[in-house]
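Take a look at the structure set out below.
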Amino acid sequence: MATVPASAKVVVIGAGIVGNSLVHHLAKLGWTDIVQIDQGPLPNPGGSTGHASNFIFLTDHSREITDLTLDSVIQYKELGVFTECGGFEVARTEERMEELRRRMSSAKAWGIEAEIVSPAFVKEKVPFIEEDQIIGAFWQPGVGVVDSLRAGTIMREGAVASGALTTVPNVEVLGLDVEDGRIRRVRTDKGDIDAEYVVIACGVWSPKIGDMAGVSIPLTPAVHQMISVGPCPQLAGGTGEINFPIVRDMDTFCYERQHGADMEVGSYAHRAILMEPEDIPTIEQSKLSPTELPFTEEDFDPQLEQAFELMPDLLGADGAEIRYAINGLLSLTSDGSPILGESHVKGLWTAAAVWIKEGPGVGRAVAEWMTRGYSEIDVAHSDIARFHPHMLRREHTRLRTTESFIKTYGIIHPSEQYESDRPQRKSPMYSSQEKLGAEFFETAGWERPFWYASNAGLLDKYGDAVMPREHEWDSRWWSPIINAEHLAMRENAGVIDLSAFQILDIEGPGALDTVQRTCVAQCDVAVGKVIYTPVLDAKGGFLSDLTVMRLGDDHFRVVTGGAHGMADRHTFTAQLPEDGATTLTDRTDEISTIGLWGPVAREVLASLTSDDVSGEGFGMLSCREITVGPGIKVLASRISYVGELGWELYVAMGDALALWEALLEAGADKGVVPVGIGVYGTTGRIEKGYRAYGAELDAERSIVEAGMQRPKVKAADFVGREAYLAQREEAPKAVLCTMTVDDHTSASGIKRYMLGGEPILTRDGGTLTDGHGHHPYVTSAGSAPSLGKHVLLAYLPPEEARIGNELAVSYMEELYPVTVGSIDATSLFDPSNERMR
Amino acid sequence: MVPSPVNVLVAVKRVPDSSSEVLLTADEQAVDGSKAGFTTSPHEECAVEIATQVVAAGEGGGEATVVTLGDKDAAEQLRNALAVGCTQATHVVADAHTLGPIDIARELAAVVRDHEAAGRTHDLVLLGSDASDTGDFQVGIRLAYELGRPVVNGATTVTIEDGVAVAVGKGPEGQETYRVPLPAVVTIREGGVEPRYPSVKGRMAAKKVQIEEREPAAEHRGPQRVKLLLPPPTPSSVQILGEGAAAAPAVVDLFEQLGVLSR
Amino acid sequence: MILVHIETDLDGTASEVSLEAITFARNLSEAGGGVPVDAVVFNELSDDLHKELAAYGVRTVHRIGGDDVAAYSGAGWASAILTAREAARSVVVMAAGTDRGMELMAHVAARAGVAMAANVISFSGLAPFVVTRQVAGGAAREEMVLNQRPAVFTVAGHALEAQPATASGPADVVEHTPSIDAADLLARVVSSEEPEEDLSGALSSAKVVVGAGRGVGGADKFDDVLELTSLLGATLGVSRVVTSAGWRPHHEQVGQTGSRISPELYIPCGISGAIQHWAGCATAKNILAINSDAEAPMVTKATYAVIGDLHEIVPAINEEIKRRKG
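As you go down the protein sequences, you meet chains A, B and C in turn.
Quick note on our numbering: the first sequence kicks off at 1 and runs consecutively.
Quick note on our numbering: the second sequence kicks off at 838 and runs consecutively.
Quick note on our numbering: the third sequence kicks off at 1101 and runs consecutively.
This is the structure:
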């Protein structure tokens, strides 16, 4: 019986498409002494890769997923295992046609060849389709099928041949040894392997293996049903595996994919059938393979009828039988993204919840990340560090994937909210906000009011200035009250609950070094100063932007958005000195934050405190403890993300409600209202041209392109400094610009409002391309009520970044004129920041 | 010779799939199919195929009815039979492993009698010769005694000629042929016919059939089972002779050593 | 009394499994204080068979003859066995676990209104009489109570080794010529014919069996294994996957729903060793597995194994045999 090597530089657990791609790229990047193990035999160890339907549609609304897919396609083509066949996403309803037009937008934004086509066009390429069942389709000629097992074998065997890799099949992992926060050893039934790095790339089994090291990998195995019908005479006679385009019948959540003389019909329409990783049968226990479970007919029966409607002659052909039917297991996550990157155990990495279409791209990205500390494609949305504790519960994954499974082919609004497993985190003001008719959206588990029904009265007051939206899609998950609250804040003041902020205290002798190394801005400032700073990776891409307060010589407080808070915590933790004397403490659950901004903000705060809050006594970008109202200790920080005078007020959770009520009460007669995150996150900041991480700022963008460079670069070293210095010397390849929409009227006469993600084109619809070869798309879109304009942010080619330049935005396949209003961080509203003083 | 309509009743059993490691339920009363899944006992897949062939060969009007005794989930086996040509289904809802072969034969006989009382005859009753899980080898024979009908055991093909069932199976002396007058019972062994997969249309039609559900008709005696157990695992003592073509000389040495290689 | 139904081979002697059944009966007899073991034989009772039964400790042979039992009928023969049982006052009626043995015992039990246990491998008590039998194709066992009389069961093939009695005497012969009810003769063999000659004709008695499974890869890829079969003068046996896929005919199938084999050497090529298949080959004396997966159940359960691609290994073996044969 085979044994495993006693030690390795890196052990990759899993020999599916991900593990095989990863060992290939690690070897290519110069790693040696790689050991790959799998519980099953080669070349098909029995995981999800072995039964995948292996087709690749290119366009996803997520740029990250699309980029990983496109990179994977290039790799599959290089390996000679890609067969282009084209693919249709067909619509049976007008609502779906709108969604296909949105897909067209994404295709244009990501640079993918695609077209909206008629039923007759589909019929010509897929003669056995009932064209009467459909009203149109989204056609991507570059869709294809791959042989993922073959691809994996070529990659793995290449790495073995290069001498970098040893692969041992039929090895069961029994344990992962962690010492001093580092992975040390993989224990297996064939012996132990001492290792510096371990990568968990074992698909549906990953949570089970992760648990061995105390690392939660929140994915769930879920069933995808598929049948194979044949032989179909219509498919016979062709050469090779596939001669007809793949059809995704989006409205019935089915796909039809030719496989030789058989037609495979797959479904995402059935109930979510989830499993625990521990319950997956072993190879010995399973009939076909551990991830090909017995087919449950009753779940599939409704789909059979719908598939039959679309292709009756083919699926009903004489002699065509259902020759194979499985409940295939695949991995789902609570937010639909993969789980990649280094866990909180140093040296223990994950590469899981990855589909065939992303496999090689993920292999390359993770290998680069392990080698250099960053990957060429930004995979921040897939970072294992993104999960907050409540998201690591299996229950959360189970509930969220149950809710989202049926949306696999669904029409998902960009602002769509989950319903399950809520509420998780409530601020102390939650009940009070409920009474005000708050519309809660979820961020990092926090229930945040986006607007308040109690402010509906403001709609009359501001009339058409609230920029009402006529179209249901544009106004879904939105309310004109947001814009009314915005105007009230600009007129008087608003109180905003910001409890979702992630608050990290860094204390100890190495605190200054830690923040200096992590942040771009100078952090060696006087105690009581507030710093806004980007955080970069080694290649000068954004990891985050956040604020840092110096509370003492050896005490810094980092405040960052909840959504990205856990990743930021991971970033700072990684910079802590090894000696343990400097600590990072997460105070998110102890401290609430309340924002108070607007022309009367100072007056309101002054009425509640005897401390000096005057312009002279409490300057911009400073922070200080004050006492508010009935003796509430508050750390006030004079900073603004909405372009108004005011403070972020940090207060103990237990005192937050009293502070909230005191502020609203004191401001009641001055027109102060509670204001939702709709203003804070969109209208307020977009009028000011403030960039948001995850929209304008990501790892593929630089400070220079974002127009955020300062005259000087601090002398102290920080991650990305060298790259940043180089970027400053080069002409930018793209420039972040602010545009306004000149005319919203669609062909049907209804005014339409973009929501983000739309391509920016020339006035007559011509393609633009920046210096990276990318096409511009809207990174953020939103109302600027004080300007009476709808504002769009986008990175434009430098030659197009001219104030007054007339371009167009494509929305639902119609062009709307836009004009460039700003080509740097200068805001359209209050450009000299008078109001903040 | 004009074929006349033939009505066939075919009994099927939902059994754990036998292509993987066998596990037992916690109460040690049955084989656990929750991992490998369930299927129709293999001999009965052939019985269903024969039933539909016999009906198809008869003059129009004949019908193949499928019956099972099993828990709610056993309806899947009925639907599968309906998808490949049976047109009616009866489900005796009961935990199969709490009944013995005597009980099951009585329940099936009750179904036949009740159907006949309602005007539905079953000229031919087909079953598998044995179920792949319990392996009792007797239900069909006991059913024949309950009904007072002749029974052929272990046939691989059945045809109807002139009101007589011609059943052929493998016996100690080769292919054995029986000619039994109808009504009769025949138990089937795999090997004479190729069970078909369902078509999409068949599957859709199967879904629309109303399954007759009924309770067990009589008190049962039970299976006389104390418990199930698994044979003790035997540690592997395999001697690897080598890998790939290079092992050929060692293999032929072994042949010589075992004396299976004639010189 | 214990009554054992005896099946004979074509040469008229008792089949191996019937001798095993008698051995089982003797063990049962010893545990039960030495109750006599009787045998029941249909039609021909040759001298050889008579002596053989006596050597195995049978006290009385009940020979059943006459026109009504000349051709086989399950009900008719069972009724005759019950006649013999009446004469012998047997409390146990048993047979070997062959298809015929199962059928006859099922008829006997149904007629007597008692339970029947198929494929018994051992007993663990007499009062109550508890037997252990094979279920799920031999992959599991069932303990079952047989508390009625007669206790009716069959003995699983190769559950024990056939052993002549240490002390044996002559066996009496009692002749029966029962007349059988017409109703019991309705289902009666009307004709029988030799099966067509083929490679696997004698699977169950073959000395060497070459097995072929999914790993062969297709109907047109059997040349290598067929050559090996022919070089060894062996018989071809295949897995259910192979017959389901239509690569080879069903009568070549080894397994729970095919033939049971117990050759001196079984050479499964590309067979993973699913329960369904193992049920048919578990009693092979030696197994040489040829498989690419070193962890396949067939490999771990085998006596010998070669790991690798059967389409490389089998031709190499064929060449080596031819070389040595000159």
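Cβ coordinates follow ideal geometry from the N, Cα and C atoms, glycine included.
Note that this is a predicted model, so its numbers are computed, not measured.
Can you grab the Cα-Cα spacing for the pair A1154/C / K850/B, in whole Å?
-> On the third sequence, position 54 is the one that residue 1154/C refers to. On the second sequence, position 13 is the one that residue 850/B refers to. So the two alpha carbons sit approximately 43 Å from each other.
By the criterion of Cβ-Cβ separation under 8 Å, what are the contact partners of M1244/C in chain B?
-> Residue numbering aside, residue 1244/C sits at position 144 when the third sequence is read from its first letter. Those are P1060, Q1061, R1062, V1063, listed as they occur along chain B.
In the DSSP assignment, find the unbroken alpha helix (DSSP H) run with R1062/B in it and report its ends.
-> The sequence position of residue 1062/B within the second sequence is 225, counting from 1. Unbroken run through R1062/B is the beta strand (DSSP E), 1062 to 1066; no alpha helix (DSSP H).
Residue-level contact to chain A via CB, P1070/B, 8 Å cutoff | Stepping through the second sequence from its first residue, residue 1070/B is reached at position 233. Cβ-Cβ to chain A under 8 Å: no for P1070/B.
Specify the secondary structure class of P759/A as computed by DSSP and reduced to three states.
-> As a working mapping, residue 759/A is identified with position 759 in the first sequence. Strand, per DSSP.
CB contact check: D764/A to chain B, cutoff 8 Å = By one-based count along the first sequence, residue 764/A stands at place 764. By this cut-off, D764/A is not an interface position.
Below 6 Å CB to CB, which residues in the same chain sit around Y1015/B once its five sequence neighbours on both sides are set aside?
-> Numbered from its first residue, the second sequence carries residue 1015/B at position 178. Contacts found: V989, A1004.
Inter-residue spacing [alpha-carbon to alpha-carbon] between Q1376/C and E1352/C | Here residue 1376/C refers to the residue found at position 276 when the third sequence is read from its first residue. Here residue 1352/C refers to the residue found at position 252 when the third sequence is read from its first residue. Answer to the nearest angstrom: the Cα atoms are 14 Å apart.
Cα-Cα separation, R835/A to H344/A = Residue mapping note: residue 835/A aligns to position 835 of the first sequence, counting from 1. Residue mapping note: residue 344/A aligns to position 344 of the first sequence, counting from 1. Answer to the nearest angstrom: the Cα atoms are 43 Å apart.
Express the C-alpha separation of R1051/B and P879/B in angstroms, rounding to a whole number.
-> For the purposes of this step, residue 879/B is taken as residue 42 along the second sequence, with counting starting at 1. For the purposes of this step, residue 1051/B is taken as residue 214 along the second sequence, with counting starting at 1. Their backbone Cα atoms lie some 25 Å apart in a straight line.
How long is the line joining the alpha carbons of Q522/A and R550/A, rounded to whole angstroms?
-> Looking up residue 522/A in the first sequence gives position 522. Looking up residue 550/A in the first sequence gives position 550. Approximately 11 Å between the Cα atoms of the pair.
Option in V1325/C, S1304/C, L1226/C with minimal Cα separation from D1199/C | Here the question's residue 1199/C lines up with position 99 in the third sequence. Nearest C-alpha to D1199/C: S1304/C.
Can you list, in chain order, the stretches of the alpha helix (DSSP H) that have 4 or more residues and sit fully within the stretch 423 to 483 of chain A?
-> Listed in chain order, they are 430 to 435, 457 to 462, 472 to 475.
So with Cβ pairs under 8 Å, would you call F450/A a contact of chain B?
-> The count along the first sequence starts at 1 and reaches residue 450/A at position 450. No, its Cβ sits nowhere closer than 8 Å to a Cβ of chain B.
Can you check whether the CB of E172/A is closer than 8 Å to the CB of Q39/A?
-> Against the first sequence, residue 39/A aligns to sequence position 39. Against the first sequence, residue 172/A aligns to sequence position 172. In this structure, E172/A lies closer than 8 Å to Q39/A by Cβ.
May I ask you to report which of helix, strand or coil DSSP gives V1216/C?
-> Walking along the third sequence from the start, residue 1216/C turns up at place 116. According to the sequence shown, residue 1216/C is Met rather than Val. The answer is strand: DSSP assigns M1216/C an E or B state.
May I ask you to report which of helix, strand or coil DSSP gives L58/A?
-> Residue 58/A sits at position 58 when you count from the first residue of the first sequence. Looking at L58/A - three-state DSSP - the assignment turns out to be coil, as it is neither helix nor strand.
Comparing the C-beta of E284/A with each C-beta of chain C, is any distance below 8 Å?
-> Within the first sequence, residue 284/A is the residue found at index 284, counting from 1. Yes, contact with chain C.
Under 7 Å from the C-beta of V1230/C: neighbouring residues of chain B = Here residue 1230/C is taken as the residue at index 130 of the third sequence, counted from 1. Per Cβ cutoff of 7 Å: V1063.
Inspect the CB distances between the stretch 958 to 974 of chain B and the stretch 1217 to 1231 of chain C and report whether three or more fall short of 8 Å.
-> yes
Report the rounded CA-to-CA distance for W1378/C versus V1342/C, giving the unit in angstroms.
-> One-based indexing of the third sequence puts residue 1378/C at position 278. One-based indexing of the third sequence puts residue 1342/C at position 242. Distance between the alpha carbons of W1378/C and V1342/C: 15 Å.
Start-to-end residues for the alpha helix (DSSP H) that takes in W1347/C = Taking the first residue of the third sequence as position 1, residue 1347/C is located at position 247. From DSSP, W1347/C is part of no alpha helix (DSSP H); its letter is neither H nor E.
Could you tell me whether the stretch 656 to 674 of chain A touches the stretch 609 to 627 of chain A, using the rule of 3 or more Cβ pairs below 8 Å?
-> no
Cβ-based contacts, 7 Å cut-off: residues of the stretch 906 to 930 of chain B near chain A | E913, R916
Who are the Cβ neighbours of D1298/C in its own chain at under 6 Å, not counting the five residues just before and after it?
-> The residue given as residue 1298/C occupies position 198 in the third sequence. Low confidence applies to D1298/C: its pLDDT is 47, below 50, so where it sits in the model is not reliable, and the reading given next is rough at best. No residues qualify anywhere along the chain.
Select from Q709/A, V809/A, A91/A, S431/A the residue whose C-alpha is nearest the C-alpha of V888/A.
-> Because chain A spans 1 through 837 in this model, residue 888/A falls outside it and cannot be assessed.
If you drop the 5 nearest sequence neighbours on each side, which residues of the same chain put their C-beta closer than 7 Å to that of P817/A?
-> Within the first sequence, the letter at position 817 stands for residue 817/A. So the list reads D742, D743, R763, E806, A808, once near-sequence residues are dropped.
Just confirm the distance between the C-beta atoms of V791/A and A784/A, as a whole number of angstroms; I'd bet it's less than 8 Å.
-> Locating residue 791/A in the first sequence gives position 791, counting from the first residue. Locating residue 784/A in the first sequence gives position 784, counting from the first residue. So it is a contact: roughly 5 Å between Cβ atoms.
What does L1066/B touch in chain C if you count any residue whose Cβ is under 9 Å from its own?
-> Position 229 of the second sequence, counted from the start, is the residue given in the question as residue 1066/B. Those within 9 Å of L1066/B in chain C are T1232, A1240, R1241, E1242, E1243.
Interface positions of the stretch 1023 to 1051 of chain B facing chain A (Cβ-Cβ less than 7 Å), listed along the chain | Of all residues in the stretch 1023 to 1051 of chain B, the ones placed with a Cβ closer than 7 Å to any Cβ belonging to chain A are R1033, Y1034, P1035, S1036, V1037, K1038, R1040, M1041, K1044, in chain order.
Where does S1118/C fall in DSSP's three states?
-> Along the third sequence, one-based indexing puts residue 1118/C at 18. Three-state result, S1118/C: helix.
DSSP three-state assignment for W647/A, whether helix, strand or coil = As a position in the first sequence, residue 647/A is number 647, starting the count at 1. W647/A falls in the strand class under three-state DSSP.
Flag this pair as yes or no: are the beta carbons of M1101/C and S1190/C separated by less than 8 Å?
-> What you label residue 1101/C is simply residue 1 of the third sequence in a count that begins at 1. What you label residue 1190/C is simply residue 90 of the third sequence in a count that begins at 1. Yes, they are a contact pair.
G363/A to T69/A, Cα distance in whole Å?
-> Here residue 363/A corresponds to residue number 363 of the first sequence, with the count starting at 1. Here residue 69/A corresponds to residue number 69 of the first sequence, with the count starting at 1. One C-alpha to the other measures close to 12 Å.
Cα-Cα separation, G1318/C to G319/A | By 1-based counting over the third sequence, the position of residue 1318/C is 218. By 1-based counting over the first sequence, the position of residue 319/A is 319. Taking the straight line from one Cα to the other gives about 21 Å.
Endpoints, the beta strand (DSSP E) within which N1386/C is located = Here residue 1386/C refers to the residue found at position 286 of the third sequence. Looking at the DSSP string, the run of the beta strand (DSSP E) that includes N1386/C is 1386 to 1391.
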